[in-house]
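The structure appears right after this line, and notes come after that.
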Amino acid sequence: MDKESKKIYTTRISQANRSELVVIIYELMLGSLTEAKEALDREDFDTADVELKRAQGFLCELRGSLDFQFPVSYRLVSLYRYVNEQLVKSITRRKDVNLDSCERVLKRLKQSFEEIAKQDSGPVMENSQQVYAGLTYGKGSLNEVAIDPGNIGRGYQV
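Numbering (my numbering), first residue to last: 10 to 167.
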């Protein structure tokens, strides 16, 4: 992930509600799967290993955040178990073992959580800076500006 992508994800995370955080994890995991599949095609096993293990880390985070008071959690944990088994097989065999199937499962789950996120409450991080997208033109550059509407003094303590 490049520096610009990290900046974008950092902003998204700071403004996200609980369900949007899950969507972000799915996006990151799907990105790792894509990178791993490309690395396996190139026979770059070191990169594939790193990306597959990164995807496992995201999967572990999702599994750890399940609330088993809700019956859907038991179905999700079985899907996560399936995806994890395929990741382990891909790591040990150094080849793509049903990663396309895992990608389809994760994309559907991501779509479901995107719908849930639309109905979810406000951001998890309450005291974070609100970001309004704005661009200004400088001499030979384009700059992003973040304005916090709660801080009218613009950096000066009133």
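The beta carbon of each residue, even a glycine, is placed where N, CA and C say it ideally should be.
Computed from a prediction, not measured in an experiment: that's the story for all the values here.
**Message:** Taking 7 angstroms as the threshold (C-beta atoms), are A64 and M38 in contact?
**Reply:** Against a cut-off of 7 angstroms, the Cβ pair of A64 and M38 comes out as a contact.
**Asked** From E47 to D53, what distance separates their C-alpha atoms?
**Response** Each residue's Cα considered, the two are about 9 angstroms apart.
**Message:** So, at 8 angstroms on beta carbons, what are the nonlocal neighbours of Y115 in its own chain, with the 5 sequence-adjacent residues on each side left out?
**Reply:** According to the sequence as given, residue 115 is Leu; it is not Tyr. Apart from sequence neighbours up to five positions away, the residues of its chain that approach L115 with a beta-carbon distance below 8 angstroms are Y35, M38, L39, L42, V92, ordered along the chain.
**Request:** Evaluate the contact criterion for the stretch 72-83 versus the stretch 97-104: three or more CB pairs, one atom per stretch, below 8 angstroms.
**Result:** No contact exists between the stretch 72-83 and the stretch 97-104.
**Asked** Between Q168 and V106, is the Cβ-Cβ spacing less than 7 angstroms?
**Response** For the chain, the structure presents residues 10 to 167; residue 168 sits outside this window and is missing.
**Message:** Taking 8 angstroms as the limit between beta carbons, can you name the residues of its chain near C111, skipping five residues before and five after?
**Reply:** Here the set comprises L42, Y91, V92, Q95, L96.
**Message:** So, with DSSP's three-state summary, where would you put S74?
**Reply:** Of the three classes helix, strand and coil, the one that applies to S74 here is coil, per DSSP.
**Message:** Tell me the residue span of the alpha helix (DSSP H) that contains R51.
**Reply:** From DSSP, R51 is part of no alpha helix (DSSP H); its letter is neither H nor E.
**Message:** According to DSSP, is R103 part of a helix, a strand, or is it coil?
**Reply:** In the three-state DSSP reduction, R103 falls in the coil class, being neither helix nor strand.
**Request:** Give the straight-line distance between the Cα atoms of R113 and K119, rounded to the nearest whole angstrom.
**Result:** Those two C-alpha atoms are separated by around 10 angstroms.
**Asked** Straight-line CA distance for R122 to E29?
**Response** Note that residue 122 is Phe in the sequence shown, not Arg. If I take the Cα positions, the gap works out to 7 angstroms.
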